Amino acid sequence: MTKFKETMEKMKQMSDEERAAAVENLRSMCICPTCPTYNECAKKKDELLFCATGKSFMCIHFEKECLCPGCPVTRELGLNNMYFCTRGSEKAQRYEHTIWGAEMK
Ligand code: SF4
Ligand code: SF4
């Protein structure tokens with residue numbers, strides 16, 4: 001089982017309170033606000049942790065650069081993808097890759 005799947009399984013076993021605390025911890029580690037792609041709109045709406053929550057909700061439309069590969073959350077969750085704010089969550093991108101036949105790590 002991949003690290004990402006293991007982590008998702010662990011989170012599924014958590015109580016609602018434990019899961020909320022884990023998500024809050026991951027949000028505090030998110031470095032999106034330092035990324036050139038992140039913008040004022042996303043900041044005002046407190047958008048973070050796109051790798052889990054999926055695309056930005058009507059704030060981020062253009063990709064400039066993505067700092068996700070260097071984010072501690074990438075190591076913590078075992079993420080393979082990036083540009084989550086414009087391309088969707090890790091889960092969504094993995095699903096799309098299986099549909100389009102891209103190799104999964
Ligand atoms: S991997 Fe990217 S979207 Fe996920 S927490 Fe880190 S910077 Fe934010
Ligand atoms: S998901 Fe990647 S591209 Fe989008 S704001 Fe976060 S670091 Fe930047």
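Here my numbering is used: position 100 in the sequence shown is 100, and no number is missing along the way.
From the three backbone atoms N, C-alpha and C, an ideal C-beta is built for every residue, glycine too.
Here the structure is a predicted model, which means the values were calculated and not measured.
Have a look at residue i and residue j and give me their C-alpha separation to the nearest angstrom.
i	j	result
Ser15	Phe4	19 Å
Met8	Leu26	13 Å
Glu47	Tyr83	14 Å
Glu76	Pro36	23 Å
Glu96	Glu17	31 Å
Counting C-beta neighbours from all protein chains within 10 Å, is the total for residue i 16 or more, i.e. buried, or is it exposed?
i	result
Ile99	exposed
Arg94	buried
Lys1	Note that residue 1 corresponds to Met in the displayed sequence, not to Lys. So Met1 counts as exposed.
Phe62	exposed
Using only alpha-carbon positions, find the residue among the options that is nearest to residue i.
i	options	result
Lys44	Phe57, Glu24, Arg19	Phe57
Thr108	Lys55, Phe62, Ser89	Because residue 108 is not part of the residues shown, which for the chain are 1 to 105, the question remains open.
Leu49	Cys30, Arg19, Asn39, Pro69	Cys30
What I want to know is whether the C-beta of residue i ends up closer than 7 Å to one or more non-hydrogen atoms of ligand 4.
i	result
Glu24	This structure simply doesn't include ligand 4; it includes ligand 1 and ligand 2 instead.
Suppose the cutoff is 8 Å on Cβ atoms and the five residues either side in sequence are ignored; what does the same chain contact list for residue i look like?
i	result
Lys105	Low local confidence applies: a pLDDT of 48 at Lys105 is under 50, so the model's placement there is unreliable, and no value is given.
Thr34	Leu67
Glu6	Gly78
Pro69	Met82
Beta-carbon within less than 6 Å of residue i's beta-carbon, same chain only, minus the 5 sequence neighbours each way: which residues are those?
i	result
Cys41	Cys59
So, at 7 Å on beta carbons, what are the nonlocal neighbours of residue i in its own chain, with the 5 sequence-adjacent residues on each side left out?
i	result
Ala22	Met11, Met14
Thr53	Ser89
Asn39	Cys59, Ile60
Lys64	Pro36, Thr37
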